[in-house]
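I have placed the structure first, in the form of structure tokens, so that the comments after it can refer back to it.
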Amino acid sequence: MAIGILLDFNMKTYMKKYLLVLGLVFAITGCDNWVQDIEKPINVITEEDLTTEAQIPFLVSGVKARFSSTYDQLTFLSGALSDELIFDTRVPNATFPTFDQLNKGDVLLDNNSVTGGMLSLGELLYFSDNLAERVGKITFKTEATKNDALYNANLYGAIARYFWGAYFGLNPEQGGGVINAGPFIASNQMYDDAVTKLKTALTFVQTKPYETKLVNSVIAKILFAKGDYAAAKAHAQAGLKKGDNPMLALYATTAANAWYNNAGIGRAQLVADPRYATYAAETGEATRVPLTKLGTTFVYYRQEKFPARESSIPFITWQENNLMLAEVAVREGDGATALSLVNEVRTTGRTIPALAENPKLDTILVEREKELFCQGVRLIDQRRTGKWHLGNTPAGTPTWQYMPITERERNANPNLK
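Each position in the sequence shown, counted from 1, maps to that position plus 487 in the numbering used here.
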């Protein structure tokens, strides 16, 4: 009797387990069919979805947006490292030690302000190069769309390489950067690679006069940073002319110009070197060097070139192109040509009086200080003309003339060990 009860119990237990397993099998099969039947999620974009002709305008817009959000950071950070801006804790709300390090040229490798700019630059380069790669995977119905994508990919890929060469360095006096965790690339090689990309960009705008002039001006700008003035001259001569529109980095109230909250009305941690107030006091110069005088016991001057969150920043203009040609003319001993080019910049749409005498090189450099105020040019000009303003650090080491490639990249990149 006991044996019969035990067998009956075991059989019931076995049947329960069997039915449970069978139910799970049906449930899994049903779930599999259900998963297969659902529509694709609408909030997920796959790699394949992006690699289509229809997505090219979106991708190009993304590259341009990252250019803007990189350029503003690099211009105010380089301004802090140069003699254009000063950091002083007597200025209300000037508190960031990372800005103080830059202003003294004694920059630690864990400077997170520099790291932020470096990461944005890395993304700009990646987005630009990735756009070019995607174009190669797409069969285009419209050749103009393909050409526009390749033009922008090469233009902004070149600018990213220029930024690496112009603003970053491995050592205080050794400029350059890295691409995709690769080996260190010196500034001059970065500039050469940028020019190669820009010459490729030109092939996609052969029927577009403005874009052709724009690219030539950018090439001249990069060759100027390299100090290759003869080559720069040829491209500047084919570059932007009086009346041509500038190339701008664009911002919005929801994507603010970084100057506004770091060196502007939003928060003035970095302010203009006092000599700019002297420039601004000259007849008509407040249009080129707009400043607001603030403070009582300690007087300082806040830049007003970018008075709003959405203020755009010029990257290249016909005025800069003129000043490059003027500098080359001075270097070649052609003072009359230099005078004409400088005066065209000074007097067009302004009340700044024309110069009466042929300019010297120092005159041209001051013109560049005024015209290109807060545009990331001063640091480059100081280096290429040997006018560095800082001595050694308290430890006796050279001050940084480039923003350092920071620890984040050095620790992750075996080529920098």
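Beta carbons: idealized from backbone N, C-alpha and C, even for Gly.
One Cα belongs to Ala764, the other to Arg855, and the distance between them is close to 15 Å. Residue range 848 to 858 is occupied by the alpha helix (DSSP H) that includes Ile851, with no beta strand (DSSP E) assigned at that position. Two segments are said to touch when three or more pairs of C-beta atoms, one from each, lie closer than 8 Å; by this definition the stretch 777 to 787 does not touch the stretch 811 to 829. Spanning the alpha carbons of Ala707 and Ala725 requires a straight line of approximately 9 Å. In this structure, the alpha-carbon of Leu778 lies about 38 Å from that of Pro544. Annotation for Ile625: Thr538, Thr539, Glu540 place their beta carbon closer than 7 Å to its own, counting only its chain and skipping 5 residues before and after.
When Cβ pairs closer than 8 Å are counted between the two stretches, the stretch 874 to 888 is seen to touch the stretch 655 to 662, the count reaching three or more. Per DSSP, the continuous alpha helix (DSSP H) segment holding Asn639 begins and ends at 630 to 654. About 4 Å separates the beta carbon of Ala567 from that of Leu589, a gap short enough to meet the 8 Å contact definition. Here Val832 is not near Glu797, since their CB atoms are 9 Å or more apart. In the DSSP assignment, Ile709 falls within the unbroken alpha helix (DSSP H) covering 696 to 713. Residues Ala813, Val817, Gly822, Ala825, Leu826, Val829, Glu854 of the same chain have their beta carbon placed closer than 8 Å to that of Pro846, with the five preceding and five following residues left out of the count. About 27 Å separates the CB atoms of Gly751 and Phe711; that is not less than 8 Å, and the two are not in contact. In this model, Ala647 and Leu612 are separated by some 5 Å (Cα to Cα). Restricting attention to alpha helix (DSSP H) runs no shorter than 4 residues, the stretch 574 to 608 encloses them at 584 to 591, ordered along the chain. Residue state for Arg789 is assigned as strand, using DSSP reduced to three classes. The stretch 629 to 644 makes contact with the stretch 690 to 705; the number of CB pairs closer than 8 Å reaches 3 or more. Between Tyr558 and Phe802, the gap from beta carbon to beta carbon is short of 9 Å.
Put simply, the stretch 858 to 867 touches the stretch 564 to 584. At least three CB pairs are less than 8 Å apart. Close CB contacts of Glu698 within its chain, under the 6 Å cut and outside five residues either way in sequence, are with Val692 (chain order).
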